[in-house]
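The structure appears right after this line, and notes come after that.
2 protein chains.
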Amino acid sequence: MEQSRVLKSLSAMAHDTRLEIVRLLVPLGKDGLAAGAIAEALGVSASGLSFHLSQLEAAGLLTSRKASRHVIYAADCKALGAVIAYLLNDCCARDPDICACTDEARQTEQAGA
Amino acid sequence: MEQSRVLKSLSAMAHDTRLEIVRLLVPLGKDGLAAGAIAEALGVSASGLSFHLSQLEAAGLLTSRKASRHVIYAADCKALGAVIAYLLNDCCARDPDICACTDEARQTEQAGA
DNA sequence: TCAATATTTCACCGATATTTGAAATATGGA
DNA sequence: TCCATATTTCAAATATCGGTGAAATATTGA
Numbered sequence: 012m013e014q015s016r017v018l019k020s021l022s023a024m025a026h027d028t029r030l031e032i033v034r035l036l037v038p039l040g041k042d043g044l045a046a047g048a049i050a051e052a053l054g055v056s057a058s059g060l061s062f063h064l065s066q067l068e069a070a071g072l073l074t075s076r077k078a079s080r081h082v083i084y085a086a087d088c089k090a091l092g093a094v095i096a097y098l099l100n101d102c103c104a105r106d107p108d109i110c111a112c113t114d115e116a117r118q119t120e121q122a123g124a
Numbered sequence: 012m013e014q015s016r017v018l019k020s021l022s023a024m025a026h027d028t029r030l031e032i033v034r035l036l037v038p039l040g041k042d043g044l045a046a047g048a049i050a051e052a053l054g055v056s057a058s059g060l061s062f063h064l065s066q067l068e069a070a071g072l073l074t075s076r077k078a079s080r081h082v083i084y085a086a087d088c089k090a091l092g093a094v095i096a097y098l099l100n101d102c103c104a105r106d107p108d109i110c111a112c113t114d115e116a117r118q119t120e121q122a123g124a
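Rendered as structure tokens:
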């Protein structure tokens with residue numbers, strides 16, 4: 012993944028509402044959620060949400076599809092993984108401290124799940 | 012790590028020059044590099060660099076120490092790891108796609124190193 | 001077709017972020 | 001002390017971002 016796309020993704024995630032959107036959508040996988048349901052879940056206006064969804068979609072972190080009169084948004088987990096992978100590749104290289112933290116996170120997560 | 016700190020870190024990294032600073036400093040570990048040397052390496056003005064360094068330091072991603080008339084900046088690898096860990100914890104949970112990507116990255120990195 | 005629902009687009013405004021260059025501060029050495 | 005080096009601070013200009021509400025678009029069902 013090129014740095015310019017990583018930057019776009021980081022910018023997209025670096026906003027309270029948008030990070031919440033990602034957190035909401037990732038567990039739902041490809042099923043995703045309609046824009047209106049996302050707006051309700053997060054307590055934001057429809058037009059405001061639409062703006063944030065478009066940012067995330069432009070960054071490649073979300074996909075959208077129409078279903079009847081709804082627009083369903085879903086997290087693109089591969090893209091999210093690629094961003095994290097870039098950070099690990101760039102930052103983790105030769106640095107045990109960073110890998111250690113992510114390893115702990117992974118183990119904690121798997122133990123808890 | 013609380014979400015507000017993660018947001019601050021993501022905002023700090025979501026900038027071309029600042030991501031370059033991180034990429035430059037991480038491999039150098041605790042030795043770090045003087046502000047002037049960073050500015051030269053990246054081809055940016057001293058005052059511009061100072062602004063970006065302060066953003067990264069405020070986010071907790073860099074540490075600084077004075078050495079004679081220099082100010083040495085170093086990446087805080089634990090903090091970087093914590094940000095990545097947060098993303099994995101939040102986003103990777105129950106999602107094999109994301110973990111798969113980071114696993115590949117890890118293996119590629121370790122094979123290449 | 002008409003009305004209701006779902007979402008996006010638009011224009012406007014205020015808040016933030018970034019760049020620039022000059023000036024201020026701090027340090028070390030002659 | 002005086003000068004050169006290293007860095008930060010400041011103010012001004014510009015650019016970008018985010019929030020708001022009205023209007024536009026698309027879809028469905030009566």
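From first to last, the protein sequence lines are chains S and P. Using my numbering, the letters of the first sequence map in sequence onto residues 12 to 124. Using my numbering, the letters of the second sequence map in sequence onto residues 12 to 124. Beta carbons are placed, not taken as given, at the ideal position from N, Cα and C, and that holds for glycine.
- The beta-bridge partner set that DSSP reports for S:SER75 consists of S:TYR84.
- For the pair P:LEU53 and P:GLU31, the CB atoms are nearer than the 7 Å cut-off.
- Distance from S:LEU36 to S:ALA93 at the Cβ level is roughly 17 Å; contact not present, criterion being Cβ atoms closer than 8 Å.
- Contacts with chain P (Cβ-Cβ distance below 9 Å) from the segment 18-43 of chain S involve LEU18, LYS19, SER20, LEU21, SER22, ALA23, MET24, ALA25, HIS26, ASP27, LEU30, GLU31, VAL33, ARG34, VAL37, PRO38, GLY40, listed in chain order.
- Among the residues of the segment 85-99 of chain P, those with a Cβ less than 7 Å away from any Cβ of chain S are CYS88, LYS89, LEU91, GLY92, ALA93, ILE95, ALA96, LEU98, LEU99, in the order of the chain.
- With a minimum length of 4 residues, the unbroken runs of alpha helix (DSSP H) contained wholly in the segment 37-65 of chain P fall at 46-53.
- Around the Cβ of S:LYS19, a 10 Å sphere holds 16 or more other Cβ atoms; the residue is buried.
- For P:GLU13, the three-state secondary structure derived from DSSP is coil.
- Straight-line measurement puts the Cα of S:ALA45 at about 10 Å from the Cα of S:ARG80.
- Linking S:ALA90 to P:LEU72 through their CA atoms gives a straight-line distance of about 24 Å.
- CA-CA distance, P:GLY40 to S:ARG76, rounds to 45 Å.
- S:GLY47 and P:SER15 have their C-alpha atoms roughly 26 Å apart.
- With contacts defined as CB atoms closer than 7 Å, P:VAL17 and P:TYR97 qualify as a contacting pair.
- Cβ neighbours of P:ALA50 within its own chain (closer than 6 Å, five residues either side excluded): ALA57, LEU60.
- Taking C-beta atoms as the reference points, P:MET24 and S:LEU21 count as a pair closer than 7 Å.
- Shown here is that no member of the segment 51-77 of chain P has a Cβ falling below 7 Å from a Cβ of chain S.
- P:ALA70 sits in coil when the DSSP states are folded into three classes, being neither helix nor strand.
- Take the alpha-carbon of P:GLY43 and the one of S:HIS26: they are about 29 Å apart.
- Linking P:CYS88 to P:HIS63 through their CA atoms gives a straight-line distance of about 18 Å.
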